[in-house]
Amino acid sequence: GVSLLLPRLEFKVPRNFRLLEELEEGQKGVGDGTVSWGLEDDEDMTLTRWTGMIIGPPRTNYENRIYSLKVECGPKYPEAPPSVRFVTKINMNGINNSSGMVDARSIPVLAKWQNSYSIKVVLQELRRLMMSKENMKLPQPPEGQTYNN
Amino acid sequence: MAENGESSGPPRPSRGPAAAQGSAAAPAEPKIIKVTVKTPKEKEEFAVPENSSVQQFKEAISKRFKSQTDQLVLIFAGKILKDQDTLIQHGIHDGLTVHLVIKSQNRPQGQSTQPSNAAGTNATSASTPRSNSTPISTNSNPFGLGSLGGLAGLSSLGLSSTNFSELQSQMQQQLMASPEMMIQIMENPFVQSMLSNPDLMRQLIMANPQMQQLIQRNPEISHLLNNPDIMRQTLEIARNPAMMQEMMRNQDLALSNLESIPGGYNALRRMYTDIQEPMLNAAQEQFGGNPFASVGSSSSSGEGTQPSRTENRDPLPNPWAPPPATQSSATTSTTTSTGSGSGNSSSNATGNTVAAANYVASIFSTPGMQSLLQQITENPQLIQNMLSAPYMRSMMQSLSQNPDLAAQMMLNSPLFTANPQLQEQMRPQLPAFLQQMQNPDTLSAMSNPRAMQALMQIQQGLQTLATEAPGLIPSFTPGVGVGVLGTAIGPVGPVTPLGPIGPIVPFTPIGPIGPIGPTGPAGPPGSTGSGGPTGPTVSSAAPSETTSPTSESGPNQQFIQQMVQALAGANAPQLPNPEVRFQQQLEQLNAMGFLNREANLQALIATGGDINAAIERLLGSQPS
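Line by line, the protein sequences are chains A and B.
Residue 42 is where the first sequence starts when you use this note's numbering, and the numbers rise one by one after that.
Residue 2 is where the second sequence starts when you use this note's numbering, and the numbers rise one by one after that.
Okay, structure coming up:
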């Protein structure tokens with residue numbers, strides 16, 4: 042009965058609570074202003090489909106570009122990581138060249154997901170990876186191209 | 002749960018407006034909401050009506066962030082805000098934060114959701130504010146003319162921008178970076194004819210509004226522009242890109258050396274801020290700066306002032322102090338190098354040629370310059386150090402290539418202005434000086450400290466002789482003596498020129514050697530610039546000007562002859578009684594409180610009528 046509920050509430054935050062919190066954070070611009078996220082559709086009651094945005098870090102080939110992403114938080118979120126997909130074309134390790142899908146195994150926060158992570162963390166991590174030596178100098182497609190799915 | 006999610010309400014921020022839109026009518030009056038706009042670098046709060054459009058919001062932002070609205074990309078909750086959207090549509094309420102990315106102009110704005118803002122648009126909007134300057138710059142910019150004619154072909158150059166002014170600036174940049182291109186353009190007869198018409202150039206330059214501002218601030222510049230000789234020289238130099246580049250390079254070198262001179266750097270910096278900066282700013286305001294505007298004014302694209310004496314011209318915007326200003330002994334060069342720092346050829350810099358000479362003259366009269374000169378003259382060691390610097394030599398060499406320039410600079414020196422007689426006397430001596438400076442022996446003597454010291458001693462001896470027995474050396478032609486000595490000794494600094502022999506030519510602080518000479522307010526020995534002409538720079542001028550057909554030893558021989566004559570009491574006419582000559586100055590000195598007429602007279606004689614220098618002498622005469 043109740044005793045069973047208690048531990049769940051303690052250790053596992055209900056999905057919607059979390060997502061609503063994240064929604065608010067996204068609107069308040071928490072962070073350094075280099076990533077942004079929000080609901081793809083404001084009327085999405087399930088809080089599943091999100092859009093994210095990453096501003097390319099300076100001194101890299103991603104500099105000054107704005108990358109649009111789609112983040113999908115499934116029913117098991119935040120216990121399970123969200124699925125992330127780039128909408129803006131990008132050349133980066135761990136991102137599928139033709140679909141823009143982010144390979145969960147190549148991105149550390151996705152591979153070793155913890156329920157304390159959030160959409161913000163994912164976006165920030167992707168941005169950090171843009172600055173890594175293996176990615177920062179990769180030639181990029183012309184600005185403005187998107188994946189067709 | 003159809004409540005309006007007012008921003009601070011915790012759990013339902015964005016649902017509210019969505020729900021509200023469907024159900025209730027929007028509130029009647031637009032509420033002002035505060036929205037924070039955050040860039041990776043900064044954060045600003047904006048108060049806008051709740052129902053404003055993204056476009057309106059961008060306009061407010063563009064003012065605060067000083068960008069075009071087209072450059073702004075607003076992101077909220079992971080979505081890019083399109084201009085035609087409204088803030089409410091995206092759920093932007095009071096207290097929320099919107100992310101901003103400011104795109105740089107040259108990039109085509111392409112984002113996943115906003116393919117708009119092509120480069121063309123950007124260029125167009127960006128060029129609007131510049132449209133005023135474009136016609137002018139086109140006018141005054143031969144490149145502009147060229148590009149007008151060859152606009153079609155320009156795209157083949159790989160210029161991505163369609164904006165005319167941007168094209169021009171890009172062209173200039175490319176030109177600056179490519180001497181061959183410069184040469185080609187210069188050889189274009191149309192360009193040449195334009196350049197060779199000083200009046201036209203002046204008109205063009207004056208038509209540039211920034212130049213006009215500059216001129217208002219620095220009347221010397223207008224004086225410079227109005228001098229056809231200088232304009233012509235400037236144009237000639239501008240025509241020779243290799244020379245220009247070399248000048249600039251030398252100048253940089255010289256300037257960096259100058260930096261180390263105590264006190265010099267500050268004076269240079271002062272000069273720079275007074276003169277260079279406005280010019281640099283003016284030049285940079287225009288897209289590329291008007292390369293030929295600077296030709297006359299010697300500082301268009303920020304190069305501003307290259308001391309003509311060095312003939313170095315950085316093709317890059319060179320925030321060096323105007324050449325004239327820096328003249329005072331390498332100050333200019335130093336300032337230049339210091340100032341421009343990078344002095345990279347980025348665009349502009351075509352200008353700054355000869356005009357520098359004029360600038361030099363005008364700048365000399367600035368107090369900063371004077372003090373610098375003073376410092377330098379007071380320290381002969383300093384001068385020696387400067388002199389022996391390799392850059393000095395190169396400067397002298399470059400000056401030697403342009404005797405006209407050197408002559409101009411010298412004659413324009415404020416030291417001379419107080420003494421037209423001196424000028425007259427100097428003029429004929431110029432060729433001789435120039436030639437002498439070219440004498441490698443002279444140069445090596447000048448850079449040999451011991452030789453300099455010996456020369457100094459000779460001069461001092463002469464001066465002593467002059468003071469002790471003024472009648473003995475009445476009319477030594479100052480020109481020659483000064484010239485020869487000047488070249489050799491001048492740089493050494495406060496060396497007494499042939500003392501009371503004629504009007505002592507104040508040392509013209511031309512170029513690096515300038516300050517050494519001394520200029521009047523020189524220290525103790527108060528020998529006013531021996532041989533201004535030393536203008537070592539001047540003297541190194543081309544032999545073409547030299548009237549003396551003899552070899553380098555010519556002037557030397559002449560000098561010695563004259564010295565002997567003077568010592569023997571022979572006359573060189575031309576020198577009226579010093580008392581008569583200096584009547585006016587004596588009166589002034591009297592009025593100032595120097596009542597010892599004899600001492601005044603001697604001081605005036607020693608300084609050639611330069612009151613300031615004479616005062617220095619009088620004041621400093623106690624210890625010596």
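Glycine included, each C-beta is placed from N, C-alpha and C at the ideal position.
#1: Measure the alpha-carbon distance for TRP222 (chain A) versus ALA121 (chain A) and round it to whole angstroms.
#2: Compare the C-beta of THR75 (chain A) against all C-beta atoms of chain B and say whether one is closer than 7 angstroms.
#3: Under a CB-based cut-off of 7 angstroms, is ILE76 (chain B) close to chain A?
#4: Answer with yes or no whether the minimum CB distance from GLY92 (chain B) to chain A is below 7 angstroms.
#5: Report the three-state DSSP secondary structure of LYS44 (chain B) (helix, strand or coil).
#6: Excluding sequence positions up to five away, which residues of its chain have a Cβ less than 8 angstroms from the Cβ of TYR158 (chain A)?
#7: In three-state DSSP terms, what is SER63 (chain B)?
#8: Could you tell me whether the Cβ atoms of GLY92 (chain B) and ASP83 (chain A) are closer together than 7 angstroms?
#9: In whole angstroms, what separates the C-alpha of ASN134 (chain A) from that of VAL125 (chain A)?
#10: Please tell me whether, using a cut-off of 6 angstroms, the distance from the CB of SER124 (chain A) to the nearest non-hydrogen atom of the ligand SAM is below it.
#11: Please name the residue in A:ILE160, A:PHE127, A:GLU65 and A:VAL112 whose C-alpha comes closest to that of ARG90 (chain A).
#12: Exposed or buried, ALA470 (chain B), counting other C-beta atoms within 10 Å across all chains shown (16 or more means buried)?
#13: Going along chain B in order, which residues have a C-beta closer than 9 angstroms to the C-beta of LEU60 (chain A)?
#14: Going by DSSP, which residues form a beta bridge with SER109 (chain A)?
#15: Return the CA-CA distance between ASN597 (chain B) and THR465 (chain B), expressed in angstroms with no decimal places.
#16: Which whole-angstrom value is the C-beta distance of ALA78 (chain B) and GLN68 (chain A), which I expect to be below 8 angstroms?
#17: Tell me whether ALA592 (chain B) is buried or exposed, calling it buried when 16 or more other Cβ atoms sit within 10 Å of its Cβ.
#18: Do ILE136 (chain A) and VAL143 (chain A) have their CB atoms nearer than 7 angstroms?
#19: For a contact meaning CB atoms closer than 7 angstroms, what does LYS80 (chain B) contact in chain A?
#20: What's the C-alpha gap between LYS161 (chain A) and ASN258 (chain B)?
#21: For a contact defined as C-beta to C-beta under 7 angstroms, what are the partners of GLY67 (chain A) on chain B?
#22: How big is the Cα-Cα spacing for GLY79 (chain A) and LEU61 (chain A)?
#23: Using a beta-carbon distance below 7 angstroms, is ASP83 (chain A) in contact with chain B?
#24: 7 angstroms is my cut-off, CB to CB: does ALA390 (chain B) come that close to chain A?
#25: Listed in chain order, which residues of the segment 100-113 of chain A have Cβ atoms closer than 7 angstroms to some Cβ of chain B?
#26: Rounded to the nearest angstrom, what separates ASN132 (chain A) and LYS104 (chain B) at their Cα positions?
#27: Can a CB atom of chain A be found closer than 7 angstroms to the CB of VAL36 (chain B)?
#28: Is it right to say VAL581 (chain B) is buried, meaning 16 or more other beta carbons lie within 10 angstroms of its own, or is it exposed?
#29: Is it right to say ALA250 (chain B) is buried, meaning 16 or more other beta carbons lie within 10 angstroms of its own, or is it exposed?
#30: Does the beta carbon of PRO50 (chain B) sit closer than 7 angstroms to a beta carbon anywhere in chain A?
#31: Against chain B, does ILE96 (chain A) count as a neighbour if the rule is that its beta carbon must be under 7 angstroms from one of theirs?
#32: Any idea if ARG451 (chain B) is buried or exposed, counting beta-carbon neighbours within 10 angstroms, 16 or more meaning buried?
#33: Taking only runs of the alpha helix (DSSP H) that begin and end inside the segment 96-168 of chain A, which ones reach a length of at least 4 residues, in chain order?
#34: Output needed for ARG106 (chain A): all residues of its chain with C-beta closer than 7 angstroms, excluding positions within five of it in sequence on either side, in chain order.
#35: Distance check for GLY621 (chain B) and LEU463 (chain B), CA to CA, integer angstroms please.
#36: Listing by chain order, which chain B residues have their CB less than 8 angstroms from the CB of GLY70 (chain A)?
Concretely, from the data shown:
#1: What is shown of chain A runs 42 to 190, which leaves residue 222 (chain A) out entirely.
#2: Stepping through the first sequence from its first residue, residue 75 (chain A) is reached at position 34. Yes, contact with chain B.
#3: Working through the second sequence from its first residue, we reach residue 76 (chain B) at position 75. Taking Cβ atoms only, chain A reaches closer than 7 angstroms to ILE76 (chain B), which makes this a yes.
#4: Counting from one through the second sequence, the residue named residue 92 (chain B) turns up at place 91. Chain A, which has a Cβ nearer than 7 angstroms to the Cβ of GLY92 (chain B), makes this yes.
#5: The sequence position of residue 44 (chain B) within the second sequence is 43, counting from 1. In the structure shown, LYS44 (chain B) sits in a strand (DSSP, three-state: E or B).
#6: For the purposes of this step, residue 158 (chain A) is taken as residue 117 along the first sequence, with counting starting at 1. Only PRO119, PRO122 and VAL150 meet the Cβ criterion.
#7: Translated into the one-based positions of the second sequence, residue 63 (chain B) becomes position 62. In the structure shown, SER63 (chain B) sits in a helix (DSSP, three-state: H, G or I).
#8: Locating residue 92 (chain B) in the second sequence gives position 91, where the first residue counts as 1. Locating residue 83 (chain A) in the first sequence gives position 42, where the first residue counts as 1. The answer is yes: Cβ separation under 7 angstroms.
#9: Here the question's residue 134 (chain A) lines up with position 93 in the first sequence. Here the question's residue 125 (chain A) lines up with position 84 in the first sequence. Each residue's Cα considered, the two are about 14 angstroms apart.
#10: Although the ligand SAM was asked about, the structure shown includes no ligands whatsoever.
#11: Looking up residue 90 (chain A) in the first sequence gives position 49. Residue A:VAL112 holds the alpha-carbon nearest to the alpha-carbon of ARG90 (chain A) among A:ILE160, A:PHE127, A:GLU65 and A:VAL112.
#12: As a first step, residue 470 (chain B) must be located in the second sequence, where it is residue number 469. ALA470 (chain B) comes out exposed.
#13: Against the first sequence, residue 60 (chain A) aligns to sequence position 19. Under the 9 angstroms cutoff, chain B gives no residues; its nearest Cβ is about 10 angstroms from LEU60 (chain A).
#14: For the purposes of this step, residue 109 (chain A) is identified with residue 68 of the first sequence, where counting begins at 1. According to DSSP, which records beta bridges pairwise, SER109 (chain A) is partnered with A:MET94.
#15: Numbered from its first residue, the second sequence carries residue 597 (chain B) at position 596. Numbered from its first residue, the second sequence carries residue 465 (chain B) at position 464. Spanning the two alpha carbons is a distance of roughly 19 angstroms.
#16: Residue numbering aside, residue 78 (chain B) sits at position 77 when the second sequence is read from its first letter. Residue numbering aside, residue 68 (chain A) sits at position 27 when the first sequence is read from its first letter. Yes, they are in contact, since the Cβ atoms of ALA78 (chain B) and GLN68 (chain A) sit about 5 angstroms apart, within 8 angstroms.
#17: Here residue 592 (chain B) is taken as the residue at index 591 of the second sequence, counted from 1. Looking at its Cβ environment, which holds fewer than 16 other Cβ atoms inside 10 Å, ALA592 (chain B) is exposed.
#18: Translated into the one-based positions of the first sequence, residue 136 (chain A) becomes position 95. Translated into the one-based positions of the first sequence, residue 143 (chain A) becomes position 102. Yes, they are a contact pair.
#19: Locating residue 80 (chain B) in the second sequence gives position 79, where the first residue counts as 1. Close partners of LYS80 (chain B) in chain A (Cβ separation under 7 angstroms): GLY79 and THR92.
#20: Along the first sequence, read from residue 1 onward, the residue named residue 161 (chain A) stands at position 120. Along the second sequence, read from residue 1 onward, the residue named residue 258 (chain B) stands at position 257. Those two C-alpha atoms are separated by around 54 angstroms.
#21: For the purposes of this step, residue 67 (chain A) is taken as the residue at position 26 of the first sequence. Chain B residues near GLY67 (chain A): ALA78 and GLY79.
#22: Numbered from its first residue, the first sequence carries residue 79 (chain A) at position 38. Numbered from its first residue, the first sequence carries residue 61 (chain A) at position 20. Approximately 10 angstroms, taken between the alpha carbons.
#23: Locating residue 83 (chain A) in the first sequence gives position 42, where the first residue counts as 1. Yes, ASP83 (chain A) counts as interfacial toward chain B.
#24: What you label residue 390 (chain B) is simply residue 389 of the second sequence in a count that begins at 1. Because the pLDDT of ALA390 (chain B) is 47, which lies under 50, any placement of that residue in the model is unreliable, and the question is left without a value.
#25: Here the close residues are ASN105, ILE107 and SER109.
#26: The sequence position of residue 132 (chain A) within the first sequence is 91, counting from 1. The sequence position of residue 104 (chain B) within the second sequence is 103, counting from 1. Straight-line Cα distance between these residues: approximately 21 angstroms.
#27: As a working note, residue 36 (chain B) is residue 35 in the second sequence. By this cut-off, VAL36 (chain B) is not an interface position.
#28: For this step, residue 581 (chain B) is matched to residue 580 along the second sequence. With fewer than 16 other Cβ atoms within 10 Å, it is exposed.
#29: Taking the first residue of the second sequence as position 1, residue 250 (chain B) is located at position 249. One point to set straight first is that residue 250 (chain B) is Arg, not Ala, in the sequence displayed. It counts as buried.
#30: Reading the second sequence from its first residue, position 49 is the one you call residue 50 (chain B). By this cut-off, PRO50 (chain B) is not an interface position.
#31: Residue mapping note: residue 96 (chain A) aligns to position 55 of the first sequence, counting from 1. ILE96 (chain A) counts as touching chain B.
#32: For the purposes of this step, residue 451 (chain B) is taken as the residue at position 450 of the second sequence. Exposed, because fewer than 16 other Cβ atoms sit within 10 Å of the Cβ of ARG451 (chain B).
#33: 149-152
#34: On the first sequence, residue 106 (chain A) is found 65 positions in, with the first residue counted as 1. Excluding residues within five positions, the ones whose Cβ falls inside 7 angstroms are GLY97 and GLU184.
#35: For this step, residue 463 (chain B) is matched to residue 462 along the second sequence. For this step, residue 621 (chain B) is matched to residue 620 along the second sequence. Cα to Cα, the separation comes out at about 19 angstroms.
#36: Position 29 of the first sequence, counted from the first residue, corresponds to residue 70 (chain A). Under the 8 angstroms cutoff, chain B gives THR37, LYS39, LEU97, THR98, VAL99 and HIS100.
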